[in-house]
Amino acid sequence: MNATWCCYVNSITEHLSSKTVWEKVRKIFGCYSDTQNISFLNCNGQIISDAKETPKVIGQILSEISSESSYTNDFIAFKRCEEQKSVDFLPSYTEDYNSTFSYRGLKNALRKSNPTSPGPDQIHNDMFKHLSEFSLLTILLLFNRIWHERVFPLSWLKAIVIPIPKPGKDKQDPNNYRPIALTSCLSKLLERMVGARLMQVLETSKWFTPSQSGFNKSRGTIDNFLKLETAIREAFVRKKHLVSIFFGMEKSYDRTWRYGILKDLFDIGIKGNLPLFIKNFLQTRVFQIRIGNILSDNFDQQEGVPQGSVSLFIIKIIGIVSKLPSYVNSSLFVDDI
Numbered sequence: 001m002n003a004t005w006c007c008y009v010n011s012i013t014e015h016l017s018s019k020t021v022w023e024k025v026r027k028i029f030g031c032y033s034d035t036q037n038i039s040f041l042n043c044n045g046q047i048i049s050d051a052k053e054t055p056k057v058i059g060q061i062l063s064e065i066s067s068e069s070s071y072t073n074d075f076i077a078f079k080r081c082e083e084q085k086s087v088d089f090l091p092s093y094t095e096d097y098n099s100t101f102s103y104r105g106l107k108n109a110l111r112k113s114n115p116t117s118p119g120p121d122q123i124h125n126d127m128f129k130h131l132s133e134f135s136l137l138t139i140l141l142l143f144n145r146i147w148h149e150r151v152f153p154l155s156w157l158k159a160i161v162i163p164i165p166k167p168g169k170d171k172q173d174p175n176n177y178r179p180i181a182l183t184s185c186l187s188k189l190l191e192r193m194v195g196a197r198l199m200q201v202l203e204t205s206k207w208f209t210p211s212q213s214g215f216n217k218s219r220g221t222i223d224n225f226l227k228l229e230t231a232i233r234e235a236f237v238r239k240k241h242l243v244s245i246f247f248g249m250e251k252s253y254d255r256t257w258r259y260g261i262l263k264d265l266f267d268i269g270i271k272g273n274l275p276l277f278i279k280n281f282l283q284t285r286v287f288q289i290r291i292g293n294i295l296s297d298n299f300d301q302q303e304g305v306p307q308g309s310v311s312l313f314i315i316k317i318i319g320i321v322s323k324l325p326s327y328v329n330s331s332l333f334v335d336d337i
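Written as structure tokens, this is what we have:
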């Protein structure tokens, strides 16, 4: 027992990410995110205790959040009007971002893959890391067929969602659960390769605003802090008032307007395989809720972007700061303003 304990403690080193360190610390104190203890839910005064009904209730709530009904009436009217306009990503083969993926690119994406839980196909990232070169080349051939033929496997559009209770919230309220989506690791590997190209295009096209520090290689949270500190010091020197407002968007990924993302890509001038992959990646997504050994039926995800698709979310949120008056300074870190 002592040897096991020492081995576990010694595994916490300075080389680990802060996320991994905290995960290990929480395990030491016995803090686990567990959904198997959802004995019942209180849905608008109605007690749901049937083990097969609880995932259904949570699934219906999550599906509604990502539906058009979660938008305001004014935005729905605007949305429907805009979506009448055709977004035609005509085939284009001259740009580098539409070229065939290389074996080196696959290896780089695989090296950056985390040991996350597998999706519905139960294929883990660690499996890919132990494959032979021949097997990896076969996967690369599959990826390039998907890329050039502009198709997307339907099974990759499905996610298994694990509802995790929000800390300090009433577990009996079905609205107090954070969805953790498990999707195909094979799909995520290709998404990582496509995402790298998309980020390169966005950086080259100067699409990134200097206000956005999230997932920006040349910026980070410290830049936002320094910007705020400078503004405060300048206000003191000039003996002026400074008002700072902080926004945290609730369920922002789940409600992101998909057509709006495609329209922004079109306005940037991106055409061909890249935007067509994103279009196929976003459409007709479905999910199932899993609580313990119980798996719900399929639910539609009408709008929103999958978890981890940060670059797609950033494309849409950048437009917010462009609407601010010139005398208002702004800072972004993904969805925090």
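Per UniProt numbering, the sequence shown runs over residues 1 to 337.
Even for Gly, the Cβ is constructed at its ideal location relative to N, Cα and C.
DSSP beta-bridge partners of residue i
i	result
Gln283	For Gln283, which the question treats as bridged, DSSP gives no partner whatsoever.
Arg290	Leu295
Gln301	Arg285
Ile48	Leu41
Distance, residue j Cα to residue i Cα
i	j	result
Asp88	Asn293	44 Å
Asn280	Phe152	6 Å
Glu64	Leu295	19 Å
Thr116	Ile76	36 Å
Pro163	Ser66	15 Å
Thr129	Cys6	In the sequence as displayed, the identity of residue 129 is Lys instead of Thr. One C-alpha to the other measures close to 28 Å.
Lys52	His124	27 Å
Leu262	Ile278	8 Å
Lys166	Phe225	27 Å
residue 339	Leu110	Here the chain has residues from 1 to 337 only, and residue 339 is not among them.
residue 344	His15	What is shown of the chain runs 1 to 337, which leaves residue 344 out entirely.
Gly304	Ile12	36 Å
Leu73	Thr256	The question names Leu, but residue 73 is Asn in the sequence shown. Roughly 16 Å separates the two Cα atoms.
Val310	Gly119	19 Å
Asp126	Asn114	9 Å
Asn98	Phe287	30 Å
Ile315	Ser322	12 Å
Leu62	Tyr177	10 Å
Phe236	Ser244	14 Å
Ala196	Ile222	23 Å
Glu23	Leu106	29 Å
Tyr93	Gly260	24 Å
Arg192	Asp267	23 Å
residue 354	Val161	Only positions 1 to 337 of the chain appear in this structure, which leaves residue 354 out of reach.
Glu133	Phe101	15 Å
Ser18	Cys81	45 Å
Gln46	Val57	11 Å
Glu234	Lys240	8 Å
Phe143	Phe40	43 Å
Gln200	Arg258	21 Å
The beta strand (DSSP E) enclosing residue i, as first and last residue numbers
i	result
Lys158	Lys158 to Pro165
Pro179	Tyr177 to Leu182
Asn42	Leu41 to Cys43
When the options are compared against residue i, the one with the closest alpha-carbon
i	options	result
Gln122	Glu149, Glu82 and Leu182	Leu182
Phe299	Val305, Arg285 and Pro306	Arg285
Asp173	Asn42, Ser322, Ala109 and Ile12	Asn42
Phe313	Asn273, Leu324, Asp297 and Met249	Met249
Leu265	Phe247, Asn144 and Gly319	Gly319
Cys185	Gly308, Gly105, Thr100 and Ser326	Gly308
Asp254	Val21, Glu68 and Ser187	Glu68
Leu154	Leu324, Thr94 and Leu282	Leu282
Lys251	Lys107, Thr100 and Pro306	Pro306
Tyr103	Tyr93, Leu202, Asp96 and Leu137	Leu137
Thr54	Arg290, Ser331 and Gln301	Arg290
Leu274	Lys85, Gln60 and Pro91	Pro91
Arg26	Gly269, Glu234, Ile38 and Tyr8	Tyr8
Leu198	Gln60, Lys271 and Lys112	Lys271
Gly59	Cys81, Phe78 and Ala159	Ala159
Asn44	Leu157, Asn175, Val328 and Lys206	Asn175
Ser330	Arg150, Glu229 and Gln301	Glu229
Val328	Ser86, Lys227 and Ile317	Lys227
Leu190	Ile180, Thr204, Asp170 and Trp147	Trp147
Asp170	Leu324, Ile317, Ile38 and Val21	Ile38
Gly204	Asn10, Glu95 and Pro325	Before going on, a small fix: residue 204 reads as Thr here, not Gly. Residue Glu95 is the option with its Cα nearest to Thr204.
Enclosing alpha helix (DSSP H) for residue i [first to last residue]
i	result
Gln200	Cys185 to Thr204
Arg238	Thr221 to Arg238
Glu133	Glu133 to Glu149
Asn108	Tyr103 to Arg111
Gly260	Arg258 to Ile268
Phe75	Asn73 to Glu82
Pro153	Note, Pro153: premise wrong, no alpha helix (DSSP H); not H, not E.
Phe128	Asn125 to Lys129
Gly319	Val310 to Val321
Thr100	From DSSP, Thr100 is part of no alpha helix (DSSP H); its letter is neither H nor E.
Pro55	Glu53 to Ile65
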